[in-house]
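S.K.: Submitted below is the structure of interest, expressed as structure tokens.
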Ligand code: IPE
Ligand code: IPE
Ligand code: MG
């Protein structure tokens, strides 16, 4: 593995925060004649090289969508398998987090999860809380609309307690109450598996993310393809509502 300073294909503008919708496990399983659920097992193993590549190039936050609030509607056996795989993912990731000094965090509605899993998530977060090299965020039982509603609920409670007035509620204040409020906004959002939708992932946090879609099924997605996307990212001009001339002026300063 090359280190930060002499990475052979240095990328000029890096995203600080990458979010990935890891889609296509079941189609991968079918395409490869695997047994029921084996596509999800392959998907679990595809995460490691991506984490390592993000670490290598210097990404600060990698957020991955593992289980959505809508995925509860899948057949009970598949939900149970996914929950078991999430448990093994956490067990397998912990030594890796310690080795690479990566902080592990979770976002989503934890109240829906088994007590054991909730406890494991808390323990993993506590054990890795002091690591600062990179943060890996795993979204479990997560929905962007739940996230925004949850933030609104917190603000409403502050209004009710007389700590805030309704007209003080602003986009900035909501930004401070959604999940990952302490992390940079999503710069780059990748979806594997060929669908062109966000499926309720980090809606608020991705307001100005650069979007990348690939037909590659998640278990086949690797560091090479990510590297190509990073290269393209560094070439896109992010205007944030301004004109390209204004942006060119800013970057030339
Ligand atoms: C993504 O793979 C994993 C989860 C949604 C949990 P899918 O299971 O959605 O795979 P496809 O999209 O049906 O191929
Ligand atoms: C999105 O994939 C959620 C995850 C990758 C965890 P889905 O397969 O659930 O998305 P839809 O149903 O095709 O929108
Ligand atoms: Mg899918």
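Numbering (the numbering used here), first residue to last: 86 to 338.
Virtual Cβ for every residue (Gly too), placed ideally from N, Cα, C.
Here the structure is a predicted model, which means the values were calculated and not measured.
Taking all protein chains shown into account, do 16 or more other C-beta atoms lie within 10 angstroms of the C-beta of residue 336, making it buried, or fewer, making it exposed?
M.R.: Numbered from 1 along the chain shown, position 251 holds the residue referred to as residue 336. Per the 10 Å Cβ criterion, exposed.
S.K.: If you draw a straight line from the C-alpha of residue 149 to the C-alpha of residue 316, how long is it?
M.R.: Counted from its first residue, the chain shown places residue 149 at position 64. Counted from its first residue, the chain shown places residue 316 at position 231. Cα-Cα distance, rounded: 20 Å.
S.K.: CB of residue 282 to nearest heavy atom of ligand 1: below 6 Å?
M.R.: Numbered from its first residue, the chain shown carries residue 282 at position 197. No, the Cβ of residue 282 stays beyond 6 Å of every heavy atom of ligand 1.
S.K.: In angstroms, rounded to a whole number, what distance separates the CA positions of residue 99 and residue 300?
M.R.: On the chain shown, residue 99 is found 14 positions in, with the first residue counted as 1. On the chain shown, residue 300 is found 215 positions in, with the first residue counted as 1. Distance between the alpha carbons of residue 99 and residue 300: 23 Å.
S.K.: In chain order, what residues of the same chain lie with their CB nearer than 7 Å to the CB of residue 152, ignoring the 5 residues before and after it?
M.R.: Position 67 of the chain shown, counted from the first residue, corresponds to residue 152. Same-chain partners within the cutoff: 167, 171, 225, 226.
S.K.: Is the number of C-beta pairs between the stretch 240-256 and the stretch 207-216 that are closer than 8 Å three or more?
M.R.: Contact fails: fewer than three Cβ-Cβ distances are below 8 Å.
S.K.: Ends of the alpha helix (DSSP H) at residue 105?
M.R.: Reading the chain shown from its first residue, position 20 is the one you call residue 105. Unbroken run through residue 105 is the beta strand (DSSP E), 102-106; no alpha helix (DSSP H).
S.K.: What is the DSSP secondary structure of residue 270, counted as helix, strand or coil?
M.R.: Taking the first residue of the chain shown as 1, we reach residue 270 at position 185. In this structure, residue 270 counts as coil in the three-state DSSP scheme.
S.K.: May I ask which residues mark the beginning and end of the beta strand (DSSP E) holding residue 295?
M.R.: Within the chain shown, residue 295 is the residue found at index 210, counting from 1. Residues 295-298.
S.K.: Please report the straight-line C-alpha distance between residue 216 and residue 190, rounded to a whole angstrom.
M.R.: Counting from one through the chain shown, the residue named residue 216 turns up at place 131. Counting from one through the chain shown, the residue named residue 190 turns up at place 105. Roughly 11 Å between the two C-alpha positions.
S.K.: Keeping to the same chain, check which residues put their C-beta closer than 7 Å to that of residue 132; ignore five residues upstream and five downstream.
M.R.: In the chain shown, the residue the question calls residue 132 occupies position 47. Same-chain partners within the cutoff: 149.
S.K.: Closer than 6 Å to a non-hydrogen atom of ligand 1 - does that hold for the CB of residue 285?
M.R.: Counted from its first residue, the chain shown places residue 285 at position 200. Answer for residue 285: no, Cβ out of range of ligand 1.
S.K.: Quick one: give me the first and last residue of the alpha helix (DSSP H) that residue 244 is part of.
M.R.: Residue 244 sits at position 159 when you count from the first residue of the chain shown. Segment 229-245, the alpha helix (DSSP H) holding residue 244.
S.K.: Strictly closer than 7 Å from CB to any heavy atom of ligand 1: give me those residues in the order they appear in the chain.
M.R.: Result: 107, 108, 109, 110, 111, 112, 113, 124, 125, 128, 151, 152, 153, 156, 167, 278, 302, 303.
S.K.: Is it right to say residue 334 is buried, meaning 16 or more other beta carbons lie within 10 angstroms of its own, or is it exposed?
M.R.: Position 249 of the chain shown, counting from 1, holds the residue named residue 334. Residue 334 comes out exposed.
S.K.: Please name the residue in 130, 121, 128 whose C-alpha comes closest to that of residue 160.
M.R.: Residue 160 sits at position 75 when you count from the first residue of the chain shown. Ranking 130, 121, 128 by Cα distance to residue 160 puts 121 first.
S.K.: How many Å lie between residue 247 and residue 181 at the Cα?
M.R.: By 1-based counting over the chain shown, the position of residue 247 is 162. By 1-based counting over the chain shown, the position of residue 181 is 96. One C-alpha to the other measures close to 45 Å.
S.K.: Residue range of the alpha helix (DSSP H) that residue 146 falls in?
M.R.: For the purposes of this step, residue 146 is taken as the residue at position 61 of the chain shown. That residue, residue 146, is in no alpha helix (DSSP H); its beta strand (DSSP E) goes 146-153.
S.K.: Return the chain-ordered list of same chain residues with a C-beta closer than 7 Å to the C-beta of residue 97, the five sequence neighbours on each side being excluded.
M.R.: On the chain shown, residue 97 is found 12 positions in, with the first residue counted as 1. The residues are 319.
S.K.: Distance, Cα to Cα, residue 245 vs residue 236?
M.R.: Position 160 of the chain shown, counting from 1, holds the residue named residue 245. Position 151 of the chain shown, counting from 1, holds the residue named residue 236. Their Cα atoms are separated by approximately 14 Å.
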